[in-house]
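I have placed the structure first, in the form of structure tokens, so that the comments after it can refer back to it.
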Amino acid sequence: MRAFVVVPAFNEAARLPRLLEELGGYLPRAAQAADFDVRFCIVDDGSRQEQFAAEKRLIREAEFGDAVRLVRLESNRGKGGAILAGLEIGLAEGFDYLGFMDADGAVPVRELHRALAYLVTAHRDAGVTGVVGSRIRMLGRLVERNPLRHYVGRAFATFVSSWFSQGVYDTQCGLKIFERETLRRHLQIPEDKRWVWDTQLLLSMLHAGDTIHELPVDWRETGNSKVSLVRDPLTMIWHLVRFRRRLRALRASGRSGPI
Ligand SMILES: Nc1nc2c(ncn2[C@@H]2O[C@H](COP(=O)(O)OP(=O)(O)O)[C@@H](O)[C@H]2O)c(=O)[nH]1
Ligand SMILES: [Mg+2]
Numbered sequence: 003m004r005a006f007v008v009v010p011a012f013n014e015a016a017r018l019p020r021l022l023e024e025l026g027g028y029l030p031r032a033a034q035a036a037d038f039d040v041r042f043c044i045v046d047d048g049s050r051q052e053q054f055a056a057e058k059r060l061i062r063e064a065e066f067g068d069a070v071r072l073v074r075l076e077s078n079r080g081k082g083g084a085i086l087a088g089l090e091i092g093l094a095e096g097f098d099y100l101g102f103m104d105a106d107g108a109v110p111v112r113e114l115h116r117a118l119a120y121l122v123t124a125h126r127d128a129g130v131t132g133v134v135g136s137r138i139r140m141l142g143r144l145v146e147r148n149p150l151r152h153y154v155g156r157a158f159a160t161f162v163s164s165w166f167s168q169g170v171y172d173t174q175c176g177l178k179i180f181e182r183e184t185l186r187r188h189l190q191i192p193e194d195k196r197w198v199w200d201t202q203l204l205l206s207m208l209h210a211g212d213t214i215h216e217l218p219v220d221w222r223e224t225g226n227s228k229v230s231l232v233r234d235p236l237t238m239i240w241h242l243v244r245f246r247r248r249l250r251a252l253r254a255s256g257r258s259g260p261i
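So for the sequence shown, this note's numbering puts the first residue at 3; every next one is plus one.
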């Protein structure tokens, strides 16, 4: 089983060390687990030159070899655009499972491992084609979030799931992984290249009838989020309202499957 995980990074020199430290502990163990070969692709999304240089130095010093690569985009495309660029590389290289996680280490690497293990089994046994993280505060899970972000995020996800008539709880979690053929079919569908790219990807799959599972994951917010609670939610909703119109038009025209 070969997995490819994209990590979008925009001026992340300060927040990247936590993830790299975790990878330092994880990768040697992952290499020993026979059924996992996980590669990471950090996509620098046109960060400032000194930020990119610092990210590069940090990654080189960690000596991960082939397990972690750094790709540089010359200009900023947005979180979704950077993930898309990374996923296209992984698909071209023939990886079986592909996904993404945030550079700030909000989702611990052990949760990625758990999600991958879950997907491999659920795909084989039950035709599940994707697993997305879900930030649910519950016994057995650790979810640390800024209360305001939590409430705005909950309002947003609740709106999206009822507006699109889908039973998804958390549309915005930074951890999502998919089986390659499903991903390939839907990869070009999202229109937004920034914050709702992954939500549109997920909604496109659900609309087409793919079986995606949510997995409650640990989440530890570090602060310094680049998502503005004032500016971004309205733009995000606007992108989704337009996207929903497109889905409805396709349903009305009687087409099934991916839009
Ligand atoms: N490619 C790209 N990634 C971004 C951009 N802004 C943020 N990110 C990445 O998106 C991820 C989540 O960003 P973060 O600021 O932690 O937002 P939050 O956790 O969703 O509140 C991180 O990996 C960031 O580096 C951007 O403009 N371009
Ligand atoms: Mg974050």
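Cβ coordinates follow ideal geometry from the N, Cα and C atoms, glycine included.
Comparing alpha-carbon positions, which option in the options lies nearest residue i?
i: Arg233; options: Val154, Leu114, Ala105, Thr160; result: Val154
i: His125; options: His241, Met207, Phe180; result: Phe180
i: Glu14; options: Leu236, Asn226, His115; result: Asn226
i: Pro110; options: Leu177, Ile191, Ile44; result: Leu177
i: Ser136; options: Ser164, Met103, Val122; result: Met103
i: Glu183; options: Arg143, Gly132, Glu24, Val162; result: Gly132
i: Arg143; options: Leu249, Pro235, Arg116; result: Arg116
i: Ile61; options: Arg250, Leu150, Leu204, Leu18; result: Leu18
i: Glu65; options: Arg156, Lys81, Leu25; result: Leu25
i: Ile191; options: Ile138, Gly82, Ser167; result: Gly82
i: Arg93; options: Leu189, Asp212, Trp165; result: Before going on, a small fix: residue 93 reads as Leu here, not Arg. Among Leu189, Asp212, Trp165, the Cα nearest to that of Leu93 belongs to Leu189.
i: Val8; options: Glu146, Val40, Leu236, Ala32; result: Val40
i: Val162; options: Val130, Leu75, Ala11, Phe245; result: Phe245
i: His209; options: Arg187, Val219, Ser230, Glu63; result: Arg187
i: Glu113; options: Pro218, Ala128, Ile239; result: Pro218
i: Asp220; options: Gln53, Gln168, Val145; result: Val145
i: Glu52; options: Arg147, Val229, Ala16; result: Ala16
i: Glu90; options: Leu249, Gly211, Leu185, Trp165; result: Leu185
i: Lys228; options: Tyr28, Ala33, Gly80; result: Gly80
i: Ala105; options: Arg31, Thr224, Glu95, Leu118; result: Thr224
i: Phe250; options: Ile214, Trp165, Ala128, Val198; result: According to the sequence shown, residue 250 is Arg rather than Phe. Of the candidates Ile214, Trp165, Ala128, Val198, the one whose C-alpha sits nearest the C-alpha of Arg250 is Trp165.
Identify the continuous beta strand (DSSP E) that holds residue i and give its terminal residues.
i: Pro218; result: 214-218
i: Asp47; result: 39-47
i: Leu100; result: 99-102
i: Val9; result: 4-11
Tell me the residue span of the alpha helix (DSSP H) that contains residue i.
i: Arg20; result: 18-34
i: Leu205; result: 199-209
Between residue i and residue j, how many whole angstroms is the CB-CB distance? I'm expecting something under 8 Å.
i: Val241; j: Asp194; result: With the sequence shown as reference, residue 241 is identified as His, and Val is not the correct amino acid for it. That belief holds up - the Cβ atoms of His241 and Asp194 are roughly 4 Å apart, short of 8 Å.
i: Asp134; j: Glu216; result: For the sequence presented, residue 134 should be read as Val rather than Asp. The Cβ separation is near 6 Å, so the contact holds.
i: Ala108; j: Arg196; result: At roughly 18 Å, the Cβ-Cβ gap does not stay under 8 Å, so Ala108 and Arg196 are not in contact.
i: Val45; j: Ala87; result: 6 Å
i: Val170; j: Leu204; result: 7 Å
i: Val70; j: Phe38; result: That pair is no contact at about 15 Å.
i: Leu75; j: Gly48; result: 5 Å
i: Met3; j: Tyr99; result: 7 Å
i: Val231; j: Arg151; result: The amino acid at residue 231 is misidentified as Val; the sequence shows Leu. 7 Å between Cβ atoms; contact.
i: Gln174; j: Ala159; result: 6 Å
Those runs of the beta strand (DSSP E) which lie wholly inside the region 156-186 and span at least 3 residues:
178-181
May I have a chain-ordered list of the alpha helix (DSSP H) segments no shorter than 4 residues that lie completely inside the region 106-140?
111-128
Enumerated in chain order, which unbroken segments of the alpha helix (DSSP H) with a length of 4 residues or greater are wholly contained in the region 58-94?
81-94
Specify which residues have a beta carbon nearer than 7 Å to any heavy atom of ligand 2, listing them in chain order.
Asp104, Asp106, Ala108, Gly176, Glu223, Thr224, Ser227
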